[in-house]
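Colleague: Chains as they are written, first to last, in numbering that gives the first Met the number 0: chain A, 0 to 221; chain B, 0 to 247; chain C, 0 to 352.
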Amino acid sequence: MKFTGLTGGKLVIVGAYGSGKTEFALNLALQIADLGPLALVDLDIVNPYFRSRDATELLEERGVEVVYNREFRDADLPALSARTDAVLAGGDTTILDVGGDDGARVLGRYKPLLLRSRAQVWMVVNCFRPFTADPEGIIATARRIGEKAGLPITALVNNSNLARETAAGHVRQGASIVRAAAERMGIPLVCHCCRPRLADQLSDLEDELFIMELSLFPADIT
Amino acid sequence: MKVVFERPTALTDKQTHYCPGCTHGIIHRLVAESIDELEVREKTIGVASVGCSVLAYDYFNLDMQQAAHGRAPAVATGIKRVHPDKVVFTYQGDGDLASIGMAEIVHAAARGEKITVIFVNNTIYGMTGGQMAPTSLVGQKTTTSPLGRKAEHCGYPIRMAELLSTLQGAVSVARVSVHDIPNIIKAKKAIKKAFETQIKGEGFAIVEVLSTCPTNWGLPPLDALKWLKENMIPYYPLGEYRTPGEVK
Amino acid sequence: MAKQLMKGNEAIGEAAIQAGCRYFFGYPITPQNEVPEYMSRRLPEVGGVFLQAESEVAAINMVYGAAGAGARVMTSSSSPGISLKQEGISYIAGSELPCLIINIIRGGPGLGGIQPAQSDYFQATKGGGHGDYNLFVFAPASIQEMVDLIMESFDIADYYRNPVMILGDGTLGQMMEPVEFKAPKKRDLPPKDWATTGCVGREPNVINSLSLVAENLERHNWRLQEKYKHMKENEQRWELYKTEDAELVMVAYGTTARIVKSVVNKLREQGIKAGLLRPITIFPYPVKAFALLPETVKAFLTVEMSAGQMVEDVRLAVNGKNPVHFCGRTGGVIPTPAEITKVAMEIMGGEPR
């Protein structure tokens, strides 16, 4: 799988609000955890719930270092961890999970380190979210986030879904929209995300299929 | 027969509750005359506040809202944002505007909210019975400063016109008085101008009107006017603090 | 419009816009910040106004002004901010102005925390501010239901000339579910001939809650009470789930009700006949639903994310007919199905069969 190419590199995951960045980052971390030392940095300064840090125990079990300000896990404060700089300067593979939309502004302060390490910036897209329903919306969102981040988007990830109501058709619909956007932006489309139950129906998609087992939706809620 | 004096159409024919000698009646009239002269009665919405002028909605012959204590500028903001083509004014006293409503007036001015504020400063809480106001003078005796206001205990009176004139959004700021005829004429001009500022879309306008409270000051009305002139004006200088178009 | 995946807080904003709301006044507070953020982006697109006020106090008074001026208007906040708005809410209720108020509850008291809670139930349904008044309060359990209820709320507010509150916990504001926007059933709405719009060719209108003659104020109050009575008669809403043969009826609203639903299924697997009564309106409280329950009911269990608030309304509705138990977590802790199941088993085990 192409994610082996990430080893030792720095990968920034951005996207519009609720595009599924965190779920993607967590699932990616779990899938590449065995390939070598890995750190997941929770840079979400906008969301109060459903953040990477909420999966700390699960990730640590798999040997992934989770970076955030431990003393303020549930605090209503951005409170970035000083450890972030060290991880970015070091040689471990690093995934940065960034907050939605304008939450990308947090990357500004890490720009020198990210440029030096030639970080990739992937934007996760869900076509069933407001503002990213078509290529125009996706391109506008990428421009806005890129400006906030001070870094250009280097690839797109199709994570089009309607949560529990997602059918294979939704992923396909998203695939063609995100592919069109990627082509117009002149950047690659990394993969299409789906739940395990849909994998068989989507094996014919021309780009890589990324199967996400972990869901952040509260399991106790019917 | 020639009519030489009549009630402005912007006032109802209801007799006010204001004490004899109180200058609220004069200020109401100046506001109403301005509205009549500008021919905007049917497009004006006023906001009454909490204080002696709480019943202003009974006296102005136009659409009115009664606001919670100090919140008139916020209420006026809500109205003006819904009806930007209408004329919106608040009528507030010193306890309402300079104490409990300090945040609302400062932010409405800072936003350059296109409203007109009539601020009646009589250095005392009239409605509740003569307590110390944020504008009570040092040494002034009130029911909550029986020995006279002491600066070391409760600070100094607030000069609202000066304070608000530091804000860029407040384009028209003036302080006037109604203690004699020449000053009433000047007050009228300032009030009318404050409405014109809004009608022209220039921004936030406030007129601070120095006023008397013979009842709670414990003075005969004429002595109260003299007290205003001799004690308030030296601390609260009259004049235009900001005028539209002025560069600061 | 096709289905979209939306975060609760965004869905609130979009539903309001679809319902014709064009004015939003608010102040930032977690966990509802996406509501003002969404509105700041969307309202200018539809010719509306978003204004960030200097405080919650100012925001609710801007709502008062805009509602009095005849507009569809809303504000949104979370617990500590809603406390600050109480003065304005009392004035709005007293002056009979229609508007929508959203409370995305977080744990309290005081500054509390930012995790989800239901501990503002008393505040929402029993007053909150001063005086004899009631809000119309909805407690949705899913984002789709929240959208549907918000779209109807503006009509209800206009119909009764009364503020409507949506009570949602932080989870509902933050989680994401697919939604679609459907126009609600039309209500016959009276014209807003009382609004302050400029008195062209008519007598002036006055928006006011002051009434200095006690007898007049009492008359005004009785009229308000008539209105609340009318709501109680016509607007109660609830959902009954597997109560047809239930011996244990669990009562829960909002997100908690969805957790309880899974508990009901678990209990049934273990042979306990459990059911769920889910209030959708919490003012008016759905007392009518209790009358529909079968004779098989032996006990009630109220589950809340609070130290026990709605349980008082359940006791009033049950009126001593059956024991009413309580199970709750507070301060921002979400009860787990396991702990609710345990309490339910204890109750049913202890009952004579």
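Just so it is clear, CB atoms sit at the ideal spot from N, CA and C, and this is done for glycine as well.
Every value quoted in this text rests on a predicted model; they were computed, and no experiment measured them.
1) Drop a sphere of 10 angstroms on the beta-carbon of residue 237 of chain C, count the other beta-carbons inside from all chains shown, and report buried for 16 or more, exposed for fewer.
2) Just to confirm the assignment, what range does the alpha helix (DSSP H) spanning residue 141 of chain A have?
3) Shorter than 8 angstroms from the beta carbon of residue 138 of chain A to some beta carbon of chain C?
4) Give the C-beta separation of residue 87 of chain C and residue 59 of chain C to the nearest angstrom, bearing in mind that I take them to be a contact with Cβ-Cβ under 8 angstroms.
5) Count the other CB atoms within 10 Å of the CB of residue 49 of chain A; is the residue buried (16 or more) or exposed (fewer)?
6) Less than 6 angstroms between C-beta atoms, sequence neighbours within five positions excluded: which residues of the same chain meet that for residue 93 of chain A?
7) Mind pulling the alpha helix (DSSP H) runs of 4 or more residues that sit fully within the region 161-211 of chain A?
8) Give, in chain order, every residue of the region 44-56 of chain C whose Cβ lies closer than 8 angstroms to some Cβ of chain B.
9) What residue from B/47, B/21, B/1, B/62 has the CA that sits closest to residue 202 of chain C's CA?
10) Run through DSSP, which three-state label would residue 184 of chain B get?
11) Can you tell me the Cβ-Cβ gap for residue 102 of chain B and residue 57 of chain C, rounded? I've got them flagged as a contact below 8 angstroms.
12) Tell me which residue opens and which closes the beta strand (DSSP E) that residue 354 of chain C is part of.
13) Which partner residues of residue 88 of chain B appear in the DSSP bridge assignment?
14) Tell me the residue span of the beta strand (DSSP E) that contains residue 139 of chain B.
15) Could you pull out every residue in the same chain whose Cβ sits closer than 6 angstroms to the Cβ of residue 67 of chain A, ignoring the five residues on either side in sequence?
16) Which class does residue 222 of chain C belong to by DSSP, given the choice of helix, strand or coil?
17) Per the contact definition of three or more C-beta pairs closer than 8 angstroms, is the region 230-244 of chain C in contact with the region 80-100 of chain B?
18) So that I know if they touch, is there some Cβ in chain C lying closer than 8 angstroms to that of residue 62 of chain B?
19) Please report the straight-line C-alpha distance between residue 35 of chain A and residue 240 of chain C, rounded to a whole angstrom.
20) When DSSP labels each residue in this structure, what does residue 274 of chain C get in the three-state scheme?
21) Could you tell me the boundaries of the beta strand (DSSP E) in which residue 46 of chain A lies?
22) Going by the DSSP bridge assignment, what does residue 73 of chain C pair with across the sheet?
23) If you draw a straight line from the C-alpha of residue 182 of chain B to the C-alpha of residue 210 of chain B, how long is it?
24) Evaluate residue 174 of chain A with the Cβ neighbour count: other Cβ atoms within 10 Å of its Cβ, from every protein chain shown; 16 or more gives buried, anything less gives exposed.
25) Using a Cβ-Cβ cutoff of less than 7 angstroms, which residues in the same chain neighbour residue 242 of chain B once the five nearest sequence positions on both sides are dropped?
26) Starting from the Cα of residue 155 of chain B, find the closest Cα among B/134, B/174, B/163, B/166 and give me that residue.
27) Can residue 14 of chain A and residue 189 of chain A be called in contact, C-beta distance under 8 angstroms?
28) Going by DSSP, what residues sit across from residue 298 of chain C in a beta bridge?
29) Nearest to residue 295 of chain C by alpha carbon, out of C/246, C/286, C/263?
30) If you draw a straight line from the C-alpha of residue 320 of chain C to the C-alpha of residue 281 of chain C, how long is it?
31) Indicate the three-state DSSP secondary structure (helix, strand or coil) for residue 6 of chain C in the structure shown.
32) On the DSSP letters alone, give me the boundaries of the beta strand (DSSP E) that residue 361 of chain C sits inside.
33) Where do the ends of the beta strand (DSSP E) carrying residue 281 of chain C lie?
34) Considering residue 324 of chain C, what are the terminal residues of the beta strand (DSSP E) in which it resides?
35) Rounded to the nearest angstrom, what separates residue 216 of chain A and residue 103 of chain A at their Cα positions?
36) What span of residues does the alpha helix (DSSP H) with residue 6 of chain B cover, start to end?
Modeller: Concretely, from the data shown:
1) buried
2) 134-148
3) no
4) 3 angstroms
5) When all chains shown are included, residue 49 of chain A counts as buried.
6) Closer than 6 angstroms at the Cβ level, and outside the excluded window around residue 93 of chain A, lie 9, 38, 86.
7) 167-184
8) 48, 50, 52, 53, 54, 56
9) B/62
10) helix
11) 7 angstroms
12) Any property of residue 354 of chain C remains undetermined from this structure, which presents chain C solely from 0 to 352.
13) In DSSP, residue 88 of chain B forms a bridge with B/45, B/115.
14) From DSSP, residue 139 of chain B is part of no beta strand (DSSP E); its letter is neither H nor E.
15) 41, 52, 80
16) helix
17) no
18) yes
19) C-alpha separation (whole angstroms): 50 angstroms.
20) Reduced to three states, the DSSP call for residue 274 of chain C is strand.
21) Taken as a continuous stretch (DSSP letters only), residue 46 of chain A belongs to no beta strand (DSSP E), as it is neither H nor E.
22) C/23, C/99
23) 11 angstroms
24) buried
25) 171
26) Measuring from the Cα of residue 155 of chain B, the nearest candidate turns out to be B/134.
27) no
28) C/247
29) C/246
30) 21 angstroms
31) strand
32) Nothing about residue 361 of chain C can be read from this structure; chain C reaches only from 0 to 352.
33) 280-282
34) 323-327
35) 23 angstroms
36) Segment: none, residue 6 of chain B is in no alpha helix (DSSP H) and carries neither H nor E.
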